[in-house]
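The listed protein sequences derive, respectively, from chains A and B.
Here the first sequence is numbered in the numbering used here, starting from 168 and rising by one per residue.
Here the second sequence is numbered in the numbering used here, starting from 168 and rising by one per residue.
Each remark here refers to the structure printed beneath this line.
Protein chains: 2
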Amino acid sequence: MNFDIAMERLKSEGFKRTPSREAILRLLEREDRYLSAGDVRKALADEHPKMSQDTVYRNLSSFSEMKILEETELGGERKFRMHCDRHGHHHHFICMECGRTEELDVCPMEQVSRALPSFVIDDHKFEVYGQCPDCRTAG
Amino acid sequence: MNFDIAMERLKSEGFKRTPSREAILRLLEREDRYLSAGDVRKALADEHPKMSQDTVYRNLSSFSEMKILEETELGGERKFRMHCDRHGHHHHFICMECGRTEELDVCPMEQVSRALPSFVIDDHKFEVYGQCPDCRTAG
DNA sequence: GAGTAAATCGTAGTCATTCCGAATTGGAAA
DNA sequence: TTTCCAATTCGGAATGACTACGATTTACTC
Numbered sequence: 168m169n170f171d172i173a174m175e176r177l178k179s180e181g182f183k184r185t186p187s188r189e190a191i192l193r194l195l196e197r198e199d200r201y202l203s204a205g206d207v208r209k210a211l212a213d214e215h216p217k218m219s220q221d222t223v224y225r226n227l228s229s230f231s232e233m234k235i236l237e238e239t240e241l242g243g244e245r246k247f248r249m250h251c252d253r254h255g256h257h258h259h260f261i262c263m264e265c266g267r268t269e270e271l272d273v274c275p276m277e278q279v280s281r282a283l284p285s286f287v288i289d290d291h292k293f294e295v296y297g298q299c300p301d302c303r304t305a306g
Numbered sequence: 168m169n170f171d172i173a174m175e176r177l178k179s180e181g182f183k184r185t186p187s188r189e190a191i192l193r194l195l196e197r198e199d200r201y202l203s204a205g206d207v208r209k210a211l212a213d214e215h216p217k218m219s220q221d222t223v224y225r226n227l228s229s230f231s232e233m234k235i236l237e238e239t240e241l242g243g244e245r246k247f248r249m250h251c252d253r254h255g256h257h258h259h260f261i262c263m264e265c266g267r268t269e270e271l272d273v274c275p276m277e278q279v280s281r282a283l284p285s286f287v288i289d290d291h292k293f294e295v296y297g298q299c300p301d302c303r304t305a306g
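In structure tokens, the structure reads:
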């Protein structure tokens with residue numbers, strides 16, 4: 168997903184186009200990795216010094232609800248990244264040093280569904296953590 | 168893992184046997200599902216009304232570090248359960264209503280390792296969320 | 001039974017997140 | 001363009017999970 172498609176989505180759902188929303192989405196498009204609300208505030212501190220935390224949190228949550236962003240919970244924080252739309256369902260490798268992510272195609276949910284026929288399955292989480300090649304050679 | 172083995176483990180690692188630790192481990196053995204620190208405090212409120220939160224958090228963390236407990240992060244909270252030792256490596260289905268867990272044998276990490284040969288993989292998380300058969304029929 | 005390090009208590013502090021009332025603003029309608 | 005109003009933002013206070021810490025108590029050793 169890119170900035171323009173995200174803004175279109177906002178408009179079509181009746182959301183207003185505000186400088187805050189533009190800045191947040193432009194940042195996430197540029198970074199292409201998981202950022203916390205705090206990361207977003209820091210990154211926008213120069214450009215938008217008086218954007219309140221309420222604004223950051225509220226918008227990140229809204230964007231996540233409407234699938235503009237992907238969200239995870241990591242190290243006690245909610246983190247957000249631009250929604251990947253190259254493939255359909257996917258998971259991520261996440262570099263714990265730089266935050267870089269790598270899409271994974273494998274997902275074992277079919278096997279799980281077969282193994283738990285009498286359970287209702289609503290959601291699942293599969294994430295792999297480690298060090299990306301760049302950080303490995305740099306370290 | 169059961170209470171007695173857990174207490175042995177504590178002793179062998181130089182930890183003292185205290186009423187708090189006994190109560191926490193007995194509770195987790197009995198419940199056999201993920202509990203938050205708050206859940207533990209509430210459950211022990213009658214029996215140990217003055218157990219401080221410091222004690223609960225510190226012990227849960229210690230137990231998790233020494234693999235007496237398994238830990239996950241769910242809904243913005245750290246949650247703990249007695250370590251399953253029936254199988255080796257495994258993951259869990261977690262019922263979002265009652266907290267019941269079901270062990271899963273499937274794990275796609277071999278495929279992931281092959282797909283990311285130049286990445287260092289330190290950890291991973293795979294969890295399935297939904298409704299267990301009991302809660303489904305009850306609802 | 002005495003001594004000591006570990007454990008606990010009570011409380012205050014931190015940090016991410018949410019809430020709320022007042023002020024501002026985007027965008028539709030006049 | 002101007003008006004208008006609900007949506008949005010601001011600023012700051014409140015919440016809730018978790019951590020830190022000095023003072024007190026306690027489990028275990030000798």
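Heads up, the beta-carbon is just placed ideally off N, CA and C, and yes, glycines get one too.
A quick note: this is a predicted structure, and the numbers were derived from the prediction, not measured.
Residue i in three-state terms, based on DSSP
i              : result
I191 (chain B) : helix
C262 (chain A) : strand
E214 (chain A) : coil
V273 (chain A) : coil
E198 (chain A) : helix
F170 (chain A) : helix
S228 (chain B) : helix
S285 (chain A) : coil
K252 (chain A) : For clarity, residue 252 (chain A) is Asp in the given sequence; the question names Lys instead. Coil at D252 (chain A), not helix or strand.
S219 (chain A) : coil
R245 (chain B) : strand
G306 (chain B) : coil
G308 (chain A) : Outside the modelled stretch of chain A, which goes from 168 to 306, sits residue 308 (chain A), for which no answer is possible.
For residue j and residue i, the rounded distance between their alpha carbons
i              : j              : result
K178 (chain B) : A190 (chain B) : 16 Å
A212 (chain A) : C265 (chain B) : 43 Å
L283 (chain B) : K292 (chain A) : 19 Å
N226 (chain B) : C262 (chain A) : 30 Å
H256 (chain B) : S187 (chain B) : 29 Å
R267 (chain B) : L202 (chain B) : 10 Å
H258 (chain A) : E270 (chain A) : 6 Å
M168 (chain B) : D171 (chain A) : 53 Å
R184 (chain B) : T304 (chain B) : 42 Å
L241 (chain B) : G243 (chain A) : 9 Å
A210 (chain A) : S228 (chain A) : 18 Å
L194 (chain A) : F260 (chain B) : 35 Å
G306 (chain B) : P216 (chain A) : 49 Å
Integer Cβ distance of residue i from residue j, believed to fall under 8 Å
i              : j              : result
V295 (chain B) : V207 (chain A) : In fact, because the Cβ distance is near 30 Å, the residues do not count as touching under 8 Å.
L192 (chain B) : M218 (chain B) : With 8 Å as the limit, L192 (chain B) and M218 (chain B) do not qualify as a contact, their Cβ atoms being about 13 Å apart.
Q298 (chain B) : F286 (chain A) : 7 Å
Close-in-space but distant-in-sequence residues of the same chain around residue i (CB under 6 Å, 5 per side omitted)
i              : result
T239 (chain A) : K246
F230 (chain A) : L236
V223 (chain A) : A204, V207 and R208
P300 (chain A) : none
D290 (chain B) : none
Cut-off 8 Å between Cβ atoms - residues of its own chain near residue i, not counting five sequence neighbours on either side
i              : result
I288 (chain B) : M276, V279 and S280
D220 (chain A) : In the sequence as presented, Asp is not what sits at residue 220 (chain A); that position holds Gln. Around Q220 (chain A): A204 and R208.
Close Cβ partners of residue i (< 7 Å) along its chain, the five nearest in sequence each way excluded
i              : result
E180 (chain A) : M233
R176 (chain B) : M233 and I235
C302 (chain A) : C262, E264 and C265
E214 (chain B) : A190
C274 (chain B) : H256, H258 and F293
Is the segment 187 to 207 of chain A in contact with the segment 238 to 249 of chain A, if contact means three or more CB pairs nearer than 8 Å?
-> Two segments are said to touch when three or more pairs of C-beta atoms, one from each, lie closer than 8 Å; by this definition the segment 187 to 207 of chain A touches the segment 238 to 249 of chain A.
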